[in-house]
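Input: a single structure, listed below in structure tokens.
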Amino acid sequence: MNEIRKQFPVLNQEVNGHPLVYLDSAATSQKPVQVLEAVRNYYELDNSNVHRGVHTLGNRATDSYEGAREKIRKFINAKSTKEIIYTRGTTTSINTVAGAYGRMNVNEGDEIVISHMEHHSNLIPWQQLAKEKGAVLKYFELEQDGTITLETVRNTITDKTKIVAITMASNVLGTINPIKEITKIAHEAGAVIVVDAAQAAPHMPIDVQDLDCDFLAFSGHKMCGPTGTGVLYGKQAHLESMEPIEFGGEMIDFVDLHDSTWKELPWKFEGGTPNIAGAIGLGAAIDFLTEIGLEKIAEHEHNLVEYALNEMDKIEGVSIYGPRDPQKRCGLITFNIDGVHPHDLATVLDMNGIAVRAGHHCAQPLMKWLQCTATARASFYIYNTKEDVDRLVEGLRIAKEYFNDVF
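Mapping of the sequence shown onto our numbering: residues 1350 to 1756, in sequence order.
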């Protein structure tokens, strides 16, 4: 673990006189030296546009850019790089599916099914599509512990359901959903499934062929890669049938005054100058994570969550949301302390060098379901340790004591 931590320069600093404990990786992860060097090397040595030049720099940049696409393909076990679309992030990926596939295939009276635990990025695009098309937006109801049963899935999906969109791992509850089983039920009803893997791809192995999902979206910045990078995986047949929703240079095959044709996959969805440095950095991040092993990362995070749950349970007044079984949740814990507003709690923790997230976490409908306006969230990653958990628990005790004294 010490060797891994050494790869993240940002962790060497002090914040407010305390060694930094970074527990906000669900918002964005820190970047290892390997990624920082890949981005710097591109700008220092190969800075050029891709696919357009015949000079050496352009060829080297293109090789690195497309090489990263192949790394992404292997990372999720897609059949072809034609199924890997570069985007700006999970939000753009899901909006692309809603705007291209959804507009073509959803009609008045059809159903779109999502869940109460969705991030706004996997809710609002479907909400707006349903309004535009006169479709019905339905929700999988949650169990008390924040899970979804397969019985609920079967009872909610009907022969009118065209799209099921669901998170693989909740950014609030931590719930890991049974995507493979949900996909099977969706397909039996004739629906396609869109998987939000923003909180899954950094933390656990993903095999899109085994899952048999139709679309899957994730962001690079949550998995040690640069900001502004994302991936849309789509089965080739679906992507071939979809029209682009963003137009401009690079995605065209032929243009005249009255009509245009598009390049083949994956480039027809990648108009304009792409985030070349970001893609190369994401490729380096995948190398870094693959070398460690996603199974080891998942095991490490499950152990941290189990330890943190046990220690936080010892503090009176702490309410923890989501499944209690560490094997059923990803590496985050969302919680509140009686009598302490989450933003006040996060401020006190920051004063002690501990970075957590406070707010509604872009999941206001879920906050309503939880009957609270905001929560605090501690999220763990490969560079976190049990000592970080101890610092968090100590910080919670300090905050609780401080606000008890004040009020």
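Each residue gets a CB set at the ideal place from its N, CA and C atoms; glycine is no exception.
(Q) At the level of alpha carbons, what is the spacing between V1541 and P1474? (A) CA-to-CA, the gap between V1541 and P1474 works out to about 16 Å.
### Task
Could you check the C-alpha separation between K1420 and T1505 for me, to the nearest Å?
About 37 Å.
(request) Return the bridge partner residues of A1514 from the DSSP annotation. (result) According to DSSP, A1514 bridges with V1543.
field: According to DSSP, residues forming a beta bridge with A1704
entry: DSSP, once it has assigned bridges, lists Y1371 as partnering A1704.
Roughly how many whole angstroms lie between the Cα atoms of G1620 and E1665? Taking the straight line from one Cα to the other gives about 54 Å.
**Asked** Between which two residues does the beta strand (DSSP E) harbouring E1460 extend?
**Response** If you look at E1460, you'll find it in the beta strand (DSSP E) that goes 1460–1464.
Are there 16 or more other CB atoms within 10 angstroms of the CB of Y1414, so buried, or fewer, so exposed?
In the assembly as shown, Y1414 is a buried residue. Its beta-carbon has 16 or more other beta-carbons within 10 Å.
Next item on the list: Jot down the residue ranges of each uninterrupted beta strand (DSSP E) in the stretch 1480–1537, minimum 3 residues, whole runs only, in chain order.
Entry: Within the stretch 1480–1537, the beta strand (DSSP E) runs of at least 3 residues that lie entirely inside it are, in chain order, 1485–1489, 1510–1516.
request  = Give the range of the beta strand (DSSP E) segment to which N1426 is assigned.
outcome  = It is not in any beta strand (DSSP E) - N1426 carries neither H nor E in the DSSP assignment.
Could you tell me if V1502 is buried or exposed, where buried requires 16 or more neighbouring beta carbons within 10 angstroms of its beta carbon?
Under this definition V1502 is a buried residue.
List the DSSP bridge partners of T1683. For T1683, which the question treats as bridged, DSSP gives the partners Y1670, R1726.
* In chain order, what residues of the same chain have a beta carbon less than 6 Å from the beta carbon of E1530, not counting five sequence neighbours either side? -> Closer than 6 Å at the Cβ level, and outside the excluded window around E1530, lie L1499.
Looking at C-beta atoms only, is the number of pairs between the stretch 1433–1442 and the stretch 1610–1630 that lie closer than 8 Å three or more? The stretch 1433–1442 is in contact with the stretch 1610–1630.
Checklist entry - Are the stretch 1696–1706 and the stretch 1719–1732 touching, with three or more C-beta to C-beta distances below 8 Å? => result In short, these stretches touch, since the Cβ pair count reaches three.
Beta-carbon within less than 6 Å of A1550's beta-carbon, same chain only, minus the 5 sequence neighbours each way: which residues are those? Leaving aside the five residues that flank A1550 on each side, the residues in its chain whose CB is nearer than 6 Å to its CB run, in chain order, F1567, M1572.
Quiz item: Start and end of the alpha helix (DSSP H) containing S1609?
Solution: Not the alpha helix (DSSP H): S1609 falls in the beta strand (DSSP E), residues 1609–1611.
When the Cα atoms are used, what is the spatial distance from A1427 to G1523?
Looking at the two C-alpha atoms, the distance is approximately 25 Å.
What are the boundary residues of the beta strand (DSSP E) that Y1656 is part of?
Segment 1643–1661 is the alpha helix (DSSP H) holding Y1656; no beta strand (DSSP E) there.
> Comparing alpha-carbon positions, which option in P1672, L1745, N1520, E1648 lies nearest P1691?
Replying inline: The residue among P1672, L1745, N1520, E1648 with its C-alpha nearest the C-alpha of P1691 is L1745.
Taking only three categories from DSSP, how would you classify Y1751?
Helix at Y1751.
- Is F1603 helix, strand or coil when you go by DSSP? Strand, per DSSP.
*asked:* Are the CB atoms of T1510 and V1462 within a distance shorter than 9 Å?
replied: Yes.
| task | Decide if K1663 is buried, meaning its Cβ has at least 16 other Cβ atoms within 10 Å, or exposed. | result | Per the 10 Å Cβ criterion, exposed.
**Message:** Measuring alpha carbon to alpha carbon, tell me which residue in G1671, D1737, G1708 is nearest L1491.
**Reply:** That would be G1671, whose Cα lies nearest to the Cα of L1491.
Practice prompt. Report the option in G1708, I1682, G1680, T1683 whose CA atom is closest to the CA atom of D1693.
Written response: Among G1708, I1682, G1680, T1683, the Cα nearest to that of D1693 belongs to G1708.
Note to self: Checking 9 Å against the spacing of the C-beta atoms, do G1630 and G1569 come in under that value?
What the structure shows: Note that the C-beta distance between G1630 and G1569 is below 9 Å.
| So V1580 is in the beta strand (DSSP E); what residue range does that whole segment cover? | Judged by DSSP secondary structure, V1580 falls within the beta strand (DSSP E) whose first and last residues are 1579–1583.
**Enclosing beta strand (DSSP E) for I1443 [first to last residue]** = Premise fails: I1443 lies in the alpha helix (DSSP H), 1439–1445, not in any beta strand (DSSP E).
Handout entry: Own chain partners of M1591 with C-beta closer than 6 Å, once the 5 adjacent residues on each side are dropped
Key = Annotation for M1591: A1449, Y1450 place their beta carbon closer than 6 Å to its own, counting only its chain and skipping 5 residues before and after.
C-beta atoms of V1543 and V1513 nearer than 9 Å = In contact: V1543 and V1513 (Cβ atoms closer than 9 Å).
Looking at T1430: is its Cβ nearer than 9 Å to the Cβ of G1579? No.
| Between which two residues does the beta strand (DSSP E) harbouring A1387 extend? | Careful: A1387 lies outside any beta strand (DSSP E), inside the alpha helix (DSSP H) at 1382–1390.
For this session: Could you tell me which residues DSSP puts in a beta bridge with I1433?
Result: DSSP, once it has assigned bridges, lists Y1582 as partnering I1433.
- request: With DSSP as the reference, label A1628 as helix, strand or coil.
  value: Here A1628 sits in helix by DSSP.
- Query: Which of helix, strand or coil does DSSP assign to L1472?
  - Reply: The answer is coil: DSSP assigns L1472 none of H, G, I, E or B.
*Between which two residues does the beta strand (DSSP E) harbouring L1565 extend?*
Looking at the DSSP string, the run of the beta strand (DSSP E) that includes L1565 is 1564–1568.
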